[in-house]
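What follows is a set of notes on a single structure, which appears directly below.
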Amino acid sequence: MIYRFSTLASTNDEAALARYTEGDVILARNQTSGRGQRGHRWESEVGQNLTFSLVLEPTFLAPAHQFLLSEAVALGVVDMLDGYGIGAKIKWTNDIYVGDRKLAGILIEHKLQGS
Numbered sequence: 004m005i006y007r008f009s010t011l012a013s014t015n016d017e018a019a020l021a022r023y024t025e026g027d028v029i030l031a032r033n034q035t036s037g038r039g040q041r042g043h044r045w046e047s048e049v050g051q052n053l054t055f056s057l058v059l060e061p062t063f064l065a066p067a068h069q070f071l072l073s074e075a076v077a078l079g080v081v082d083m084l085d086g087y088g089i090g091a092k093i094k095w096t097n098d099i100y101v102g103d104r105k106l107a108g109i110l111i112e113h114k115l116q117g118s
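Just so you know, we're using the working numbering here: the sequence shown kicks off at 4 and counts up by one.
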């Protein structure tokens with residue numbers, strides 16, 4: 004299911020709520036408190052950026068290997084852009100650049116559950 008919001012503080016914060024399940028997408032036209040890696044702030048312009056979160060439950064991956072999701076997503080984005088003739092590069096492990104401009108950032112946050 005895709006959940007659309009006009010404004011959210013953070014799509015990742017919203018996605019972490021228990022009401023969402025695997026495969027749900029949380030999309031915001033405006034994200035006021037987006038964040039990047041290591042606590043950096045993620046700036047976005049209202050209606051000019053794709054700010055969304057996808058809820059996944061990768062039970063097929065051991066917790067120690069879940070960092071590979073970020074790499075897989077980055078490779079997928081670059082591959083998709085390449086299909087449109089856009090030469091993008093990955094600044095490992097989570098930034099996508101076209102030329103010297105940052106096009107995207109990928110932030111994967113985990114909520115590990117005990118057995």
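Built from N, CA and C at the ideal position, the CB exists for glycine as well.
Query: Classification of GLN34 by the beta-carbon crowding that lies within 10 angstroms, buried from 16 upward; Result: buried
Query: Beta-carbon contacts of THR62 that lie in its chain and below 8 Å, excluding the five residues immediately before and after; Result: none
Query: Chain-order list of residues whose beta-carbon lies under 7 Å from that of ALA77 (same chain, five-residue window excluded); Result: ILE93, THR96, ASN97, ILE99 and ILE109
Query: Contact belief for VAL81 with PHE55 at Cβ below 8 Å, rounded distance in angstroms; Result: The Cβ separation is near 18 Å, so there is no contact.
Query: Nearest-angstrom Cα separation, counted from SER73 out to ILE89; Result: 20 Å
Query: Endpoints, alpha helix (DSSP H) assigned at THR24; Result: First-last for THR24: undefined, no H or E at that position.
Query: Run of the alpha helix (DSSP H) containing SER73, from where it starts to where it stops; Result: 71–86
Query: Proximity of SER13 and GLY37 at Cβ, strictly below 8 Å; Result: yes
Query: Where ASN52 falls: helix, strand or coil (DSSP); Result: coil
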